[in-house]
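Residues in the sequence shown are numbered consecutively from 1, following the UniProt record's numbering. First the structure, in the form of structure tokens, and then the observations on it.
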Amino acid sequence: MTSTKTEDIRKNSEAGDSVADSSSSLLSDGEVGGRRSVGRAPNAMEASQKPRIITQVCPIVQFQPTRLLHLLGLGVNASAAPTKFSAVLTLLPPLWGGSATPTPLEAFTQSKNCLSGRRFRSVSSPNRRSTSRALSGIRMRKDMGAEALRGGGGVGEEEEGEEEGEGEGEEGEGEGEEEGEGEEKGIWDSCIPRLCLRENFVSKFAWIFATFVVGLNGCFWGMIIGYSAVALPSFEDDPNRPFDMTDGDKAFFGSITNLGAMAGSLISGPVSTRFGRRVTLALALVPMAISWGVVAFPPNLTLMMAARFLAGMTADFRTSTCQVYIGEIAHPSMRGVLGASPMLLLSLGTIFTVGLGWFLHWKTLAIILGIIPLVNLPLLFLIPESPAWFLAKNRDGEARKALQWIRGSHYDIEPEMKEMEDRRELIRGTKTKIREVFRWMYVKPVLLTVVACAFRQLTGIYSLLYFTVDIFQMAGSSIDPNLATLLIAVVQFVFQCISGFLFDRVGRKKIMMLSCTLISIAHAIFGTYNYLDSEGRIHGLGWVPLASMGLFIVGYGSGVSSLAVLLVSEFLPEKIKDIGGGIIICLNGLSSFLVVDTFFLMQHSWGMHGTFWFYGGCSVFLGIFVLVFLPETNGESLATIERKMTMKSLDIKADFLEAVIEKPKDRSLS
């Protein structure tokens with residue numbers, strides 16, 4: 001029986017000499033993973049027959065690896081490809097998760113990662129020990145096959161040689177194993193970091209999908225904003241409109257959504273704490289769809305305004321919860337790009353609405369926009385609840401499952417679980433009340449977030465988005481106002497895409513500073529143009545308003561647009577995140593309402609140039625505020641950020657109390 005198997009293997013070996021010659025040096029006992037260990041050199045027979053042993057372990061090697069690697073676009077030469085490919089396939093089975101033979105897709109994916117030099121995080125010590133044992137098993141199977149080819153040997157002899165490091169030619173290999181397991185060097189350091197260790201592979205698709213489903217709330221806000229820009233002209237041109245609207249009604253039609261946002265943000269925090277993030281997000285979708293139905297078929301002006309109020313309330317009812325959820329599930333390495341996604345989707349929603357509004361009736365557009373929230377409803381039940389919320393409710397098992405789903409089935413979640421459990425001790429067993437937000441230890445993060453969000457609105461962004469047509473008409477621009485509205489939305493979307501990646505690579509503060517600088521320059525140019533135009537000193541430069549407002553959108557979209565989302569998700573401590581986030585979003589809605597509602601008043605009092613110079617001054621102040629007061633949080637965990645924020649506030653309080661106590665002592669001594 002043994003001789004028959006030996007003969008078959010020798011025949012197969014003759015057909016695969018090219019693979020054997022290139023693989024022998026890498027897979028021999030004397031050299032493993034590119035690192036030589038003390039031992040004997042392999043003889044010619046062993047060198048030519050070991051690739052056949054690989055074929056027995058991973059039969060996929062029979063598929064002409066060189067050709068397949070070229071089909072995969074790996075760009076390796078013919079001599080090196082079989083060697084590396086065979087080595088990868090030899091090491092894969094025990095690392096893949098217990099399967100004796102990986103599927104072709106699995107094997108090719110892993111080998112591509114190996115050959116491209118992709119590195120992953122090092123695993124914990126238990127995983128290293130288990131991997132070392134798995135590699136020892138591979139070497140034992142390999143040597144068993146070589147012994148069979150020599151016509152002798154039993155399994156017991158090889159096992160004894162493995163354990164004791166004795167026998168002919170086995171001493172070096174035994175020392176190599178001892179070094180690999182004891183000092184965790186050798187084969188681990190040379191080979192394993194280049195393999196795709198799925199225990200530590202972060203499933204970015206799960207993050208992206210969950211963030212998209214939750215971040216669609218930004219798209220809903222974009223639809224609300226974009227509808228005002230394109231539906232009101234269509235409403236005026238409709239001979240069968242149910243009622244007429246004055247200029248004041250049109251302005252209130254746009255700004256009343258911010259009043260609704262204030263109401264929605266105040267009640268979302270307690271609901272999110274009690275029922276969870278996912279349930280809170282789902283509760284608002286049906287009322288949002290109803291509001292669009294009333295807008296499409298309004299019996300009178302009052303009910304139409306009430307529907308707009310409801311639309312703003314349901315959208316901002318979800319906003320703070322959306323930001324909290326994304327901040328809780330995002331890995332520190334991707335929190336910037338994921339945190340910016342709601343504002344990115346807001347721009348996408350505006351583009352979608354403005355584009356459809358060009359050729360759709362205002363009623364048809366409202367019906368379509370009312371269907372989209374209902375599509376989002378079933379998607380929410382495909383994603384898990386926030387692991388942090390589960391932990392806050394002492395549901396550790398569900399928290400572990402949720403985090404594992406988000407990070408990927410083979411990702412080591414224990415460090416993150418430990419960190420979240422430590423943070424839970426700060427909030428478990430206590431009921432957060434509104435007055436907790438104003439405790440001294442939370443003063444700094446809350447105050448920084450409130451001021452930054454308020455001056456973000458004072459850059460004038462929503463005045464531009466709601467009244468784009470009026471602004472370009474008053475500025476005397478030669479560009480079609482509807483086209484200008486669409487171009488501004490497209491530019492904002494593009495630069496928000498770019499900013500999301502820059503946040504995690506360049507840092508928050510640098511991007512924010514650049515953003516504020518561009519906004520200030522844009523407002524200065526636009527205000528100066530309007531001033532000179534009102535004085536009759538400028539002619540033939542009708543493109544300047546569009547260029548300056550385009551620069552404004554570039555600056556806003558590249559950083560400031562995501563400021564509120566990042567601050568609420570990163571700065572607010574876990575204990576006050578729900579209630580504090582609701583209060584801050586409420587104040588954000590109030591400032592937005594005031595900016596939009598006072599735009600025409602400021603324009604009549606100060607002129608267009610004075611209004612935008614004021615917005616430019618607020619942008620300069622915001623840039624200075626970011627430079628001086630906002631800390632850099634790029635790559636830091638939420639727990640680290642929370643410790644920095646709260647401990648700094650407590651240090652300030654301690655210094656203040658110490659100064660107050662020491663002053664009477666000094667006076668008494670004097």
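Using N, Cα and C, we set each Cβ at its ideal position, and we do this for glycine too.
Residue range of the alpha helix (DSSP H) that residue i falls in?
i: GLY589; result: 577-597
i: ILE521; result: 508-534
i: ASP396; result: 396-407
i: VAL544; result: 544-557
i: ALA307; result: 301-329
i: ILE434; result: No alpha helix (DSSP H) holds ILE434; DSSP gives it neither H nor E.
i: VAL560; result: First-last for VAL560: undefined, no H or E at that position.
i: PRO342; result: 341-357
i: PRO287; result: 285-296
i: ASP470; result: 468-474
Which one of the options has the shortest CA to CA distance from residue i?
i: LEU283; options: PRO332, HIS361, LEU380 and LEU356; result: LEU380
i: GLU570; options: SER272, TYR325 and LEU403; result: TYR325
i: ARG278; options: ALA484, ILE383 and MET304; result: ILE383
i: ILE511; options: LEU216, VAL626 and ILE267; result: VAL626
i: LEU622; options: ASP480, ILE479, VAL450 and TYR529; result: VAL450
i: SER591; options: ALA564, TRP606, ASN634 and MET305; result: ALA564
i: LYS644; options: PHE390, PHE501, TYR442 and ILE624; result: TYR442
i: VAL620; options: PHE253, ARG395, PHE552 and THR517; result: THR517
i: PHE220; options: LEU345, LEU303, HIS539 and SER268; result: LEU345
i: PHE455; options: TYR615, LEU487, THR280 and PHE629; result: TYR615
i: VAL295; options: TYR556, ILE224 and GLY269; result: ILE224
i: GLU236; options: TRP362, GLU414, VAL286 and ALA392; result: TRP362
i: MET334; options: GLU398, ASP470, GLY507 and VAL230; result: GLY507
i: LEU301; options: TRP207, ARG241, ARG395 and LEU391; result: ARG241
i: SER268; options: ILE583, PHE253, TRP292 and LYS401; result: ILE583
i: SER534; options: GLY581, ALA229, LYS418 and GLN603; result: GLN603
i: ARG608; options: MET474, PRO573, GLY540 and ILE351; result: Note that residue 608 corresponds to Met in the displayed sequence, not to Arg. Taking only the C-alpha atoms, the option nearest MET608 is MET474.
i: THR468; options: SER561, LYS401 and GLY254; result: GLY254
i: MET647; options: ASN394, TRP440 and VAL337; result: TRP440
Between residue i and residue j, which are expected to be in contact by the criterion C-beta below 8 Å, what is the C-beta distance as a whole number of angstroms?
i: GLU632; j: LYS444; result: In fact, because the Cβ distance is near 15 Å, the residues do not count as touching under 8 Å.
i: VAL554; j: VAL491; result: 6 Å
i: PHE309; j: ILE256; result: 5 Å
i: GLU436; j: LYS575; result: 7 Å
i: TYR227; j: THR353; result: 6 Å
i: GLY408; j: LEU638; result: Incorrect: roughly 20 Å between the Cβ atoms, too far for contact.
i: PHE593; j: LEU259; result: 6 Å
By how many angstroms is the C-alpha of residue j removed from the C-alpha of residue i?
i: HIS70; j: ALA315; result: The predicted position of HIS70 is uncertain, since its pLDDT is 41 and thus under 50; no value can be drawn from it.
i: PRO233; j: TRP358; result: 10 Å
i: PHE612; j: LEU532; result: 14 Å
i: GLN496; j: ARG318; result: 21 Å
i: MET288; j: ILE461; result: 24 Å
i: ILE329; j: SER386; result: 7 Å
i: ALA489; j: MET549; result: 11 Å
i: ASN217; j: ASP247; result: 29 Å
i: VAL494; j: TYR466; result: 20 Å
i: ASN634; j: SER499; result: 13 Å
i: SER124; j: TYR411; result: Because SER124 sits at a pLDDT of 40, beneath the cut-off of 50, its placement in the model cannot be relied upon, and the point is left open.
i: ALA251; j: PHE297; result: 20 Å
i: ASP238; j: ASP470; result: 20 Å
i: ILE311; j: GLY222; result: Sequence check: residue 311 is Ala here, not Ile. Taking the straight line from one Cα to the other gives about 12 Å.
Please state whether DSSP places residue i in a helix, a strand or coil.
i: GLY439; result: Per the sequence presented here, residue 439 reads as Arg, with Gly not at that position. Note: ARG439 maps to coil in three-state DSSP.
i: ILE413; result: coil
i: ASP247; result: helix
i: LYS644; result: helix
i: ILE383; result: coil
i: ARG241; result: coil
i: GLU421; result: helix
i: PHE621; result: helix
i: GLY610; result: helix
i: MET223; result: helix
i: SER637; result: coil
i: ILE367; result: helix
i: ALA15; result: With a pLDDT of 46 at ALA15, under the threshold of 50, the modelled position of this residue cannot be trusted; read the value that follows with caution. Of the three classes helix, strand and coil, the one that applies to ALA15 here is helix, per DSSP.
i: GLU632; result: coil
i: LEU458; result: coil
i: PRO573; result: coil
i: ILE372; result: helix
i: ARG277; result: helix
Please report whether the beta-carbon of residue i lies at a distance below 8 Å from any beta-carbon of chain C.
i: THR257; result: Chain labels in this structure do not include chain C; a single protein chain is all it has.
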